[in-house]
């Protein structure tokens, strides 16, 4: 039986704000349940997701990255997660073998009980599926006895894909609806750190409200369970259980 | 908090042996956990799944049905479930509006916490998808305030499709692997009640062994969890949860 | 060249409120563009979608149907559409050959330039796909020279499936985003006629806001086009055109 | 080893001309190889596929059916097949339990080595998938020992879906390309029996030419094999073999 | 309101003849409507699509490329398009980050109103999906404010995948049928520039005739619209519109 | 007509044991039928599939590779196949353009009548789909006249994907069931060469027994054909034939 204090989770985010919009509730919720949650931002989203910053003028790529880093750190702190940045660049986010091993090493170090990352398809954003695939492959490598032999390998933590911007176009179908009602205030506070993307604040608030209505529908209208905010996830592997209720 | 003694489950089986091969482990496991499990057999499989009985010669359809009923009752008793028979006929299994309401009434009476039934596609057996669809629609009707107004409606119990005979041909993809190691002896004893289908005993024993190896792979080779027998299920609706581990 | 005043559209709704939530914007928009829009409600949704009415107590099915009819008529009037009711019953919505011909006759009479109806899959609501299939088949029959020979057949109007309640679970993927900004006030007024389903008012308002953000993304952030409310549709047939822009 | 003279095949056609356009080559080819091929036409296509006949004026439904029957008989004769007509009506083609048994009895009588019928999806024509499903279910019933016990059951003949009018819209993907070069003259002669559908003669000639180019591509450009005309088929079941070449 | 004279389109072709077979009609049609159409050929198809040239003997790769370039230029001129060649090599067509930026720069320069390229899957030709993905990612990068900050970004032009050689095997399903009747003579003249691939001239002529019959079916047999030649396209993004007719 | 003695087949295996578990029966069967079968192992599976060897301690990567090579050679010898090793490394298995050409050259040299390799999807193992794609692309390059002009190109040999470890999770659907009953003893002897993966011996024995039951079901229970062991394959291309039985 593992002690809650030893439970860990890993979140891999293509750009430095993705983990907030898409998984901020899951992070805060599991932190509240005693998990250590670690976030890896593969890039700062400096080129592709910082339009408002660029429009200020007189910004260098380094300036944009610093601003984005500060915003992400502030958000992670609110959510209660640790965070690190790989700074791989975005648009395009390309990773080589060393980047893959670097992420596998994070898996080995964190020993996550579950993993959150992007969907495997997104015609609007090629960096997102690349981040998802990098995460999945790093997890596989971290499971291999022959990778850095002698180190402790990881188990088979479930991988959940968080919600993309236009779910149906990404062939993303949620099979988990996570009730984040109790931590919504934290998620919304974290969202507000993203000053460069204010147009998305209300978009993801509404998304959480819609998923909550759906969650309610999936437990039954008659149930006493109140759900006001939720996040959707698609799992990539079967779950192993002894209870179907 | 619901008392375990009040937890219920419903299993809908197209023919009188399907619930044994495909869901016997889930039934015995949940009975052991304090559930009341109720099985509805829509037909006896008298035409399509009783070849060995017919080959004995001198059998009428009524004889075959009686034998099949007795086998199913014996199996249900071993598994610890209650059972009833709709006797709708098989090959083809056709249901009309009254049959649909009859099943909706079972839903209302049982108030299941989860439901097990067939996959939604099976090119080898048209009765199986029909049973699945009948079950799904009966569940929806039992949720409606306007159906027999004044009766207690049901919530939104999850529906799991159990494993068909040739999984890939039925487009069935398991997202749940249920560890049935502790109740395998009961499942195998129930299987042995099906004297007319001895060729399937070892087929479904091997299926349980294969799913166990896969379950083990999905919790991680390094885990201490021993899994010897498992059943696969495909869920039809998202699950609502507060825990992703 | 057809005069706008002669343009017609047909909307087929399983229950008496579906056309409002799902297609109210399209109806008002095309009425404003000079179309005659006709709505067929196959049922009143008296059993399955009138929970609030039933909870009032002392309601007969006839009472519920009358209330639902009045609400639908008021909504249609606001949107500017004509409306008729087939009263086929709901939960389950079953149609026989005569119902199919009745709908084919509506197609012949209306001669629609396009058709709106439900998605072809919905695990939460079996009436919706049935309505979609009935509509599609009625359209095919109305195209046949040998059905009521001598009558004017119809052309091949495009069929669009409007948005179901839980889009991803219904495998519904929009390929058309309709800008309904200019008629949102009419749609919201029509929505407010549905007194029995107040919980859905804000759900479908948010849905329209989300689809608008997505529409904006699909014309380009830089575009001057302001889109505040939108509806999504999935088309069932290829469109024939001479212009790809 | 079965004697060629005892080999049989069954073709189930929704309307009386479908077997010609879609499977005429397969029929003539297997007749030439010593098969007995039997065609069942479920309807005459009197309503939905006889536009040219209706436009002649002064035709009753009975007249149209007689003309269509004569055309189909002439085509079958050219192809070398026997033919029978179920006269179930078209647009819509509805079958009840007795029709299903009637077709199962044909399966028992013919004992086919393979079966040809329609695709399982066709948004342009609801009769086609219905014919496909009726055929598949009749095959399953004819396999059951308990259906008319004592009669010889059938084996598990492969089922091939022939090409629909708009292949991609029907989600039809051919996995078999049948070289019909040697019998093309017979197929084209049979096609010409369909006087009411002259617009389709060249459409299906071109289809055969296109499939031939594709077949050539799938054996290799360098191969000496000359293929001028082909038909595409999608198989519904895995084939069992001892040779992968 | 944009002046027609300012409308632009971009076509990205893996090999130097693809744009002719697959999009020649769309190009000529939009040129006739006042568009500037620009074609990028990523390679000459020198290895994989020049069999006839190689069989002449005494050809170097440079000779083949020169011949292919001349053919493509002649075809583009007939169609009225400008053309450039990236010369990335074929079989395999590999692109690195600089090639991606080069294509993004073309997007910035051309500012296309729509984009034509290959399907996203093709088991017969790995260069085609690579070209499609390169095009899609270049479009995304050209939309990003942070890529070459200060330059004018592009909007969100629709992307259409043109028809692959074996449509069903490529999971390509057309949702647009483009009537190219008025420019067929130009397309066929351009096709005839491809002297090395004469076997494809009639293949793509028949393809255009088949798509025309299908287009006719999708506007309705009764319509007065004459369509003799058409091209099929699959769109990758939802279209935003205010008119469903 | 090609002499049996000249018939060849090619098997491409990501790791050095895959060809045994997944295709050992097909290899032995075709060797018995007079084929020359050649196996290419892209890696030794030294990191990812040699857990038992690593747990011995005191092993270097070179030691593991030598052991795995010896096991694979012994297995190939039992099956009757020739074998070569590309030693590309595993976890991850990355191939560059030169590796692709090296495999294309094997295709040219072997001139295979059919090809066996991995499935195109596997969320548990990224090396497997990479091996499948490398194989498919090498085949395409070997077909091109312009690749090493003057060499004999290959035809269009069918490609079959062998069974992955968790078939449904890999979206792998068998359309061929190969009866390997007569060579099972050879396959099981080859399996026993894999001393490092003893846990898989019984897994793949049971897999062969299950596929045999399914094969039997697909030829018909009534058939006299005895099938005790089988392998499943998914074909990637349509087969061209003149016989549908």
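Residue numbers (the numbering used here), protein chains in the order written: chain A, 625 to 869; chain F, 625 to 869; chain W, 625 to 869; chain P, 625 to 869; chain E, 625 to 869; chain X, 625 to 869. Backbone N, C-alpha and C fix where the C-beta goes; we use that ideal spot for every residue, glycine too.
Beyond the five residues adjoining it in sequence on each side, residue 676(X) comes within less than 6 angstroms, by CB distance, of 820 in the same chain, given in chain order.
Rounded to whole angstroms, residue 852(W) and residue 808(W) show a C-alpha spacing of 9 angstroms.
Of the residues assessed, residue 646(W) falls on the buried side of the cut-off, its CB having 16 or more other CB atoms within 10 angstroms.
By the rule that beta-carbons nearer than 7 angstroms mark a contact, residue 839(P) does not touch chain W.
Around residue 651(P), no beta-carbon contact reaches into chain F at under 8 angstroms, the shortest distance being about 24 angstroms.
For residue 789(W), the secondary structure class from DSSP, reduced to helix, strand or coil, is coil. When the alpha-carbon of residue 683(E) is set against those of 750(X), 635(X) and 774(X), the nearest one is in 774(X).
Under the rule that a run must span 4 or more residues, the alpha helix (DSSP H) segments found entirely inside the stretch 771-858 of chain E read 808-815 and 825-843. For residue 661(W), the enclosing beta strand (DSSP E) begins and ends at 660-665. No residue range can be given for residue 682(A), since it is assigned to no alpha helix (DSSP H) and is classified by DSSP as neither H nor E.
Under the criterion of beta carbons closer than 8 angstroms, residue 794(F) and residue 756(F) do not qualify as touching, at roughly 10 angstroms.
Judged by beta-carbon spacing, residue 743(W) lies within the 7 angstroms limit of residue 788(W), meaning their Cβ atoms are closer than that value. For residue 644(P), same chain residues with a beta-carbon under 8 angstroms away, outside a window of 5 residues either side, are 696, 699, 703, 811, 814, 815, 817 and 818 in chain order. If you draw a straight line from the Cα of residue 655(P) to the Cα of residue 668(F), it is about 42 angstroms long. Measuring C-alpha to C-alpha distances from residue 741(F) to each of 752(F), 735(F) and 732(F) identifies 752(F) as the nearest. In the three-state scheme derived from DSSP, where H, G and I count as helix and E and B as strand, residue 740(P) is classed as strand. For chain A, the residues of the stretch 728-755 of chain W that bring a beta carbon within less than 8 angstroms of one of its beta carbons are 748, in chain order. Relative to residue 762(A), the option among 836(A), 713(A), 631(A) and 735(A) whose CA is nearest is 735(A).
When Cβ-Cβ separations below 7 angstroms define contact, residue 859(A) makes no contact with chain W.
At least one beta carbon of chain F lies nearer than 7 angstroms to the beta carbon of residue 672(W).
Residues are counted here when their Cβ sits less than 7 angstroms from a Cβ of chain X; for the stretch 631-644 of chain P these are 631, given in chain order.
For the 7 angstroms CB-CB criterion, residue 714(F) and residue 648(F) do not form a contact. Straight-line measurement puts the Cα of residue 716(E) at about 19 angstroms from the Cα of residue 776(X).
Following the DSSP letters along the chain, one finds residue 650(X) inside the alpha helix (DSSP H) bounded by residues 642-656. Straight across, the Cα-Cα distance linking residue 635(W) with residue 663(W) is about 5 angstroms.
Burial is judged here by how many other beta carbons sit within 10 angstroms of a residue's own beta carbon; residue 770(F) has at least 16 and is buried.
Neighbours of residue 776(X) in chain E, taken as residues at a C-beta separation under 9 angstroms, are lacking, since the least C-beta distance is about 13 angstroms. Residue 670(W) is bridged by DSSP to nothing; it lacks a bridge partner.
Using a Cβ-Cβ cut-off of 7 angstroms, residue 766(F) does not count as an interface residue toward chain A, since no Cβ of chain A sits closer than that to its own. By the Cβ-count criterion, residue 719(E) is buried, with 16 or more other Cβ atoms from all chains shown falling within 10 Å of its own Cβ. Scanning chain W for C-beta atoms nearer than 7 angstroms to the C-beta of residue 797(F) yields nothing, as the closest lies near 14 angstroms away. Scanning its chain for C-beta atoms nearer than 8 angstroms, with the 5 sequence neighbours on each side dropped, one finds around residue 843(P) the residues 849 and 851, in chain order. The Cβ neighbour count for residue 640(A), taken over all protein chains shown within 10 Å, is at least 16; the residue is labelled buried.
Under a criterion of Cβ atoms nearer than 7 angstroms, no residue of chain W is adjacent to residue 715(E); the nearest Cβ is some 30 angstroms distant.
The Cβ atoms of residue 798(A) and residue 856(A) sit closer than 7 angstroms to each other. The Cβ neighbour count for residue 650(P), taken over all protein chains shown within 10 Å, is at least 16; the residue is labelled buried.
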